[in-house]
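Number of protein chains: 2
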Amino acid sequence: MKNLKLKVARVEHDLSQAELAEKIGVTRQTIGLIEQGKYNPSLQLCISICKTLNKTLDELFWQEED
Amino acid sequence: MKNLKLKVARVEHDLSQAELAEKIGVTRQTIGLIEQGKYNPSLQLCISICKTLNKTLDELFWQEED
DNA sequence: CCTTTATGCAATATATATTTTACATAAAGT
DNA sequence: ACTTTATGTAAAATATATATTGCATAAAGG
């Protein structure tokens, strides 16, 4: 399922998928696929995303499923 | 690095690594290696662990690194 | 129009999470 | 002593996250 909270947090920081990806050290595709809910990212990647966007795991990745 | 919070939460529920693994649908080794900090688990696995132990992502997996 | 930017999509390659099977050991119970 | 339970460890196999490259399109600006 789509992760809209991630997309919103990214846009709030005025970052494109490519810019966020570069800050984190992954590729644009990885960010795009996570936002689309087509990837099951690793914990460390989730943590890197959270820290870059000043959010916590619960704020970006909790209860997006079910 | 070791994830002691996960181990404590598991013991609080009086579950062995094997019992927790079975509830979640993974192997005993996977749980053991996550507790030892030798695995970088997937987000969905983290969420399954949290729900089984009645915790959130932040409670079990946030800031165990750095 | 033309160029850039942002995003989605897809095929192939690579890294790594997870499984499977098995062995070792320490602690607890009988 | 013997058996069971819990845990750590390891090698090989499998599944999947992630990278790489490239193409397509829509929106915005010159």
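The listed protein sequences derive, respectively, from chains A and B.
Straight run, no breaks: the first sequence in the working numbering ends on number 83.
Straight run, no breaks: the second sequence in the working numbering ends on number 83.
Yeah, the Cβ is synthetic: ideal placement off N, Cα and C, and Gly gets one too.
Values in this document were obtained by computation on a predicted structure and should not be read as measured data.
Please check if any C-beta of chain B sits within less than 8 Å of the C-beta of A/L50. no
Residue-level contact to chain A via CB, B/Q10, 8 Å cutoff: The requested residue 10 of chain B is not part of the displayed model; chain B covers only 18 to 83.
Output needed for B/I41: all residues of its chain with C-beta closer than 8 Å, excluding positions within five of it in sequence on either side, in chain order. I48, L62, S65, I66, T69
Closer than 8 Å to chain B by CB, A/T73: yes
Under three-state DSSP, which class holds A/S65? helix
In terms of residues, what are the limits of the alpha helix (DSSP H) holding B/Q80? That residue, B/Q80, is in no alpha helix (DSSP H); it is neither H nor E in DSSP.
Sub-8 Å separation of B/L7 and B/A26 beta-carbons: Absent from the model: residue 7 of chain B. The displayed extent of chain B is 18 to 83, so no value can be given.
Just to confirm my understanding: we take B/P58, look at its own chain, exclude 5 residues before and 5 after, and list those with CB closer than 6 Å. What are they? I51
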